[in-house]
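What follows is a short report on a single structure.
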Amino acid sequence: MMTTTLTIRPIHNEYCEQVIDLILSIQQKEFGLTITIDQQPDLRDIDANYHADGGSFWGAFVGEELAGTIALINTGHQAGCIRKMFVKTDYRGKEWGTAQKLLDVLLQFCRDKDITDVQLGTVEPLKAAHRFYERNGFERIAKEDLPPYFPLMLTDTMFYQLHLNK
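Counting in my numbering, the sequence shown runs without a single skipped number right up to 632 at its last residue.
In structure tokens form, the structure reads like this:
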């Protein structure tokens, strides 16, 4: 019998390889981005780069298969930066709701930790991602409007932010 339940839970370094495989596959094969693992060294140490400073990294699982990821860097100043939001093609869309469930868990974590401002960077080709963030109340902002403590990724060209009400 197949498992059709999607569960979301925090993940740590024991999932680094699965996370890298999932993310690189989507970036390179699906979107043709020329990004490599060397440009994303944070993925080799999830604990140090996400959990250590009060952020987190979540995996969406169908059985033991990693179906998606989302991460939050706690940047201080009651703010956080969303990173590494990726969902395998098979688990996208309303039937699964994977992206929405991942984002909901992250935003609840922010509310619980008193993080009121959430920013993220993305790239032009990810049109569905832009629509998803906008549907969830994120507003597009100019790079120069990002707070000075926002951890810029060289590859990002578009930026969004969300102010969370209590």
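Ideal placement from N, C-alpha and C gives every residue a C-beta, glycine not left out.
Identity of the residue in the options nearest residue i by Cα
i    : options                : result
G521 : L499, A608, L538, P591 : L538
T582 : K593, Q493, Y516, G546 : G546
M619 : E483, Q506, G559       : Q506
E637 : Y599, F604, Q484, L592 : Past the edges of the chain, shown from 467 to 632, lies residue 637, and the structure says nothing about it.
I536 : D513, V571, D511       : V571
L569 : F552, G529, I503       : F552
Alpha helix (DSSP H) segment containing residue i, residue limits
i    : result
L488 : 482 to 490
Extent of the continuous beta strand (DSSP E) run through residue i
i    : result
F546 : Before going on, a small fix: residue 546 reads as Gly here, not Phe. Where G546 is concerned, the enclosing beta strand (DSSP E) stretches over 545 to 553.
F625 : 624 to 629
Sheet register partners of residue i (DSSP bridge)
i    : result
G542 : A545
H478 : Bridge partners of H478: none, in fact.
A537 : F523, R549
T473 : F527
Only counting runs of 4 or more residues, tell me where the alpha helix (DSSP H) segments fall wholly within the region 572 to 618, in order along the chain.
You should have 593 to 601.
Could you check whether the region 502 to 522 touches the region 583 to 598, counting it as contact only if at least three pairs of C-beta atoms, one from each stretch, sit closer than 8 Å?
Taking 8 Å as the limit for Cβ pairs, the verdict is that the region 583 to 598 does not touch the region 502 to 522.
Any beta strand (DSSP E) of 3 or more consecutive residues that is wholly inside the region 500 to 534:
If we require 3 residues or more, the beta strand (DSSP E) runs fully inside the region 500 to 534 come out as 522 to 528.
Looking at C-beta atoms only, is the number of pairs between the region 470 to 485 and the region 590 to 610 that lie closer than 8 Å three or more?
Of all C-beta pairs linking the region 470 to 485 to the region 590 to 610, fewer than three are shorter than 8 Å, placing the two stretches out of contact.
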